[in-house]
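Read top to bottom, the protein sequences are chains Y and B.
Counting along the first sequence from 1, when you hit position 78 you're at 78 in the working numbering, and nothing is skipped either side.
Counting along the second sequence from 1, when you hit position 239 you're at 239 in the working numbering, and nothing is skipped either side.
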Amino acid sequence: MATDSSSDSAAIVRVRGLHYRAGGREIFAGVDLDFPRGAVTAVMGPSGCGKTTLLRLITGQARPERGSVEFDGQEVVALPRAALYRMRRRMGMLFQNGALLTDLDVYENIAFPLREHTRLPERLVRHLVLTKLQAVGLRGAARLMPAELSGGMARRVALARAIVMDPELLIYDEPFVGLDPVSLGVVLRLIRRLNDTLGVSSIVVSHDVREITAVADCCHLLSGGRIVASGPPAEVAASTRGDVRQFMHGLPDGPVPFHYPAPDYADQAGQVR
Amino acid sequence: MAAAMIRDLIGSLQAALGALGRYALFGARLAIETPRALLRFRLVVEQVYNTGALSLVIIMLSGLFVGMVLGLQGFDLLERFGSEESLGTAAALGLLKELSPVITALLFAGRAGTALASELGLMRATDQFAAIEMMAVDPVRRIVMPRFLGGVISMPLLAAIFSMIGLYGAQLVGVQLMGVDQGQFWSQMRGAVEHGDVMEGVLKSVVFGIACSLVAVYEGYHSLPTAEGVGRATTRTVVISSVSVLLLDYMLTAVML
Chain Y
1 MATDSSSDSA AIVRVRGLHY RAGGREIFAG VDLDFPRGAV TAVMGPSGCG
51 KTTLLRLITG QARPERGSVE FDGQEVVALP RAALYRMRRR MGMLFQNGAL
101 LTDLDVYENI AFPLREHTRL PERLVRHLVL TKLQAVGLRG AARLMPAELS
151 GGMARRVALA RAIVMDPELL IYDEPFVGLD PVSLGVVLRL IRRLNDTLGV
201 SSIVVSHDVR EITAVADCCH LLSGGRIVAS GPPAEVAAST RGDVRQFMHG
251 LPDGPVPFHY PAPDYADQAG QVR
Chain B
1 MAAAMIRDLI GSLQAALGAL GRYALFGARL AIETPRALLR FRLVVEQVYN
51 TGALSLVIIM LSGLFVGMVL GLQGFDLLER FGSEESLGTA AALGLLKELS
101 PVITALLFAG RAGTALASEL GLMRATDQFA AIEMMAVDPV RRIVMPRFLG
151 GVISMPLLAA IFSMIGLYGA QLVGVQLMGV DQGQFWSQMR GAVEHGDVME
201 GVLKSVVFGI ACSLVAVYEG YHSLPTAEGV GRATTRTVVI SSVSVLLLDY
251 MLTAVML
């Protein structure tokens, strides 16, 4: 089986020659990427550069035009539905807004994958749920409804749900958006701690440079449908490439222009609609 | 000009046929999933509560008023022919065969249908379906199916309650207010209403239950993941359900008469 033969491979996710187009716009034009096993890998890039789309392609939620995406040696692109679901049971994903099921309380949200995929006795389900809630510091919030949680708490609950099936790969989609500094620090620490204590691999998609470089082992910078920089965060931050420098240091103008393409100002100002 | 009109007409026709095809495919998928979904009956019961029990007040109130109006109008009409004792029969046949299934279905589309569509639409907009998919769970099987079956089961029950309360309303006006003989009211009804009349109403309410629930879950599940998309799904649910119910009512009546 492909999975067994490649389980020693250094990369848990391998992307080769990825082409993807959405709404007539080219999102990826031949992207090659490796996500090392056991590491926290960051995918950074400006808004709209296709970071979330990349996650959708890795998890089989979208299909590329061309190219290959492998998870643990298994090609994701051609997988039939049943095999795709089997593969997803080995992944945990944290969505940008948590995506908790709004009709279930915190406890039932975390128990959801266990109840769907296993026939564990209720005592064991309870033990597993409380263990995961303890890991994210929210054991006391087990009976709250999602509407009663703050943004940071919702994301921690979603994280507990993502790890309840003991996945091999944890995927975070913009985990820091809209968090206050305290919640942000908590989520940052959790990403690192869970990666190291659970022995999983992590992919974090974000455009929060300072936060993500503090926690990642290596990072990839996406821009214009291509990878423009890869390596340890310090190395990428020290890059002299114009577009990389602009992004990493948050410069308002540079290769990515401040202005959206527009006709000449004088011409447009003279027009009366 | 004429060519453009014909082109538009053909385009609209193609779009309508396409939509009908998508509905049929989704309906077939739900039909295939039904036996498996019935095995997790607890999930279905929860949805019978959400769509059925929570619609009880509106159904009972409407049933009472429709029955009372039927009592008044029926009495007025039958009195002209000197046969006001047949009020019970007229009210029962009108309610069982026509008014209960149709009005219940229209009210169901407005109350439970919109609730279903907006709930599913919001789940789509807040990535809950994507999260469920990522947990290797099929959202149609786990989320859509119980809601669909809950609606299908609720509708005949609600229609039966509508009929019961409606008959009480007709009796209240006809017997208590207009002075129709109580014994005549009930005995004529029992004598004239046949098993087939009751079954016609039951069959209609089951068909309407399938139609309204299918429209609601289809529109909600396929809504655009935006506030506007959810709003549009809710509106389409009411419009498509109502027109479908009236169209199906005519077809079923024509077949069963």
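No residue lacks a Cβ here, since even glycine has one placed at the ideal position from N, Cα and C.
Since this is a predicted model, take the numbers as computed values, not measurements.
{"Item": "Uninterrupted alpha helix (DSSP H) stretches inside the stretch 16-71 of chain B (no shorter than 4 residues)", "Value": "41-51"}
{"Item": "Beta carbon of E84(B) nearer than 8 Å to that of V238(B)", "Value": "no"}
{"Item": "V66(B) versus V215(B), A192(B), G166(B), residue with shortest Cα-Cα distance", "Value": "G166(B)"}
{"Item": "Residue-level contact to chain D via CB, F71(Y), 8 Å cutoff", "Value": "Of the chains in the structure shown, none is chain D; the protein chains are Y and B."}
{"Item": "Member of V106(Y), H19(Y), Q74(Y), D243(Y) whose CA lies at the smallest distance from the CA of G67(Y)", "Value": "H19(Y)"}
{"Item": "Close-in-space but distant-in-sequence residues of the same chain around R192(Y) (CB under 7 Å, 5 per side omitted)", "Value": "V40, V215"}
{"Item": "Sequence-distant residues of the same chain with beta carbon closer than 6 Å to K97(B), five excluded per side", "Value": "D197, E200, G201"}
{"Item": "Contact under 8 Å by Cβ, T126(B) with A111(Y)", "Value": "no"}
{"Item": "Within 8 Å, strictly: CB atoms of F247(Y) and P36(Y)", "Value": "no"}
{"Item": "Under 8 Å by beta carbon: chain Y residues contacting T126(B)", "Value": "N97, A99, T102"}
{"Item": "Where the stretch 131-146 of chain B meets chain Y: residues whose CB sits under 9 Å from a CB there", "Value": "A131, I132, E133, M134, M135, A136, V137, D138, R142, I143"}
{"Item": "V177(Y) in three-state terms, based on DSSP", "Value": "coil"}
{"Item": "Chain B contact for R61(Y) (CB, 8 Å cutoff)", "Value": "With the sequence shown as reference, residue 61(Y) is identified as Gln, and Arg is not the correct amino acid for it. It does: the Cβ of Q61(Y) has a partner Cβ on chain B nearer than 8 Å."}
{"Item": "Close beta carbons around A42(Y), own chain, < 6 Å, minus the five adjacent residues each side", "Value": "V204, I212, A216, C219"}
{"Item": "Residue-chain proximity (F176(Y), chain B), Cβ-Cβ < 8 Å", "Value": "no"}
{"Item": "Beta-carbon neighbours of M93(Y), restricted to chain B and to distances below 9 Å", "Value": "A130, A131, M134, M135"}
{"Item": "Host beta strand (DSSP E) of E26(Y) (start-end)", "Value": "25-36"}
{"Item": "Residues near L114(Y) by beta carbon distance below 8 Å, same chain, minus five either side", "Value": "L120, V125, L128, V129, V164, M165"}
{"Item": "Where Y85(Y) meets chain B, residues with beta-carbon distance less than 7 Å", "Value": "A136"}
{"Item": "Own chain residues within Cβ distance below 8 Å of L257(B), not counting five before or after", "Value": "none"}
{"Item": "CB contact below 8 Å: R275(Y) versus chain B", "Value": "For chain Y, the structure presents residues 1 to 273; residue 275(Y) sits outside this window and is missing."}
{"Item": "Neighbour flag for F112(Y) against chain B, beta carbons, 8 Å", "Value": "yes"}
{"Item": "CB contact check: H207(Y) to chain B, cutoff 8 Å", "Value": "no"}
{"Item": "Segment contact flag, the stretch 214-229 of chain B with the stretch 131-148 of chain B, C-beta cutoff 8 Å, min 3 pairs", "Value": "yes"}
{"Item": "Burial state of V172(Y), where buried means 16 or more other Cβ atoms lie within 10 Å", "Value": "Note on residue identity: the sequence assigns Tyr, not Val, to residue 172(Y). Classification of Y172(Y): buried, given that the 10 Å Cβ count is 16 or more."}
{"Item": "Proximity of M189(B) and T51(B) at Cβ, strictly below 8 Å", "Value": "no"}
{"Item": "G50(Y) vs D32(Y) beta-carbon contact at 8 Å", "Value": "no"}
{"Item": "Counterpart residues of A229(Y) in DSSP-defined beta bridges", "Value": "L221(Y)"}
{"Item": "Exposure label - Y265(Y); buried when at least 16 CB within 10 Å", "Value": "exposed"}
{"Item": "First through last residue of the beta strand (DSSP E) which encompasses H19(Y)", "Value": "11-22"}
{"Item": "Close Cβ partners of S5(Y) (< 8 Å) along its chain, the five nearest in sequence each way excluded", "Value": "Here S5(Y) scores only 40 on pLDDT, less than 50, and its place in the model should not be relied on; the value that follows carries that caveat. G73, listed in sequence order."}
{"Item": "Helix, strand or coil at M91(Y) according to DSSP, with G and I counted as helix", "Value": "strand"}
{"Item": "With 16 other Cβ atoms within 10 Å as the buried cut-off, status of Q171(B)", "Value": "buried"}
{"Item": "Cβ neighbour criterion (16 or more within 10 Å) applied to M1(B)", "Value": "exposed"}
{"Item": "Beta-bridge pairing of F71(Y) - partner residues as DSSP gives them", "Value": "V13(Y), Q74(Y)"}
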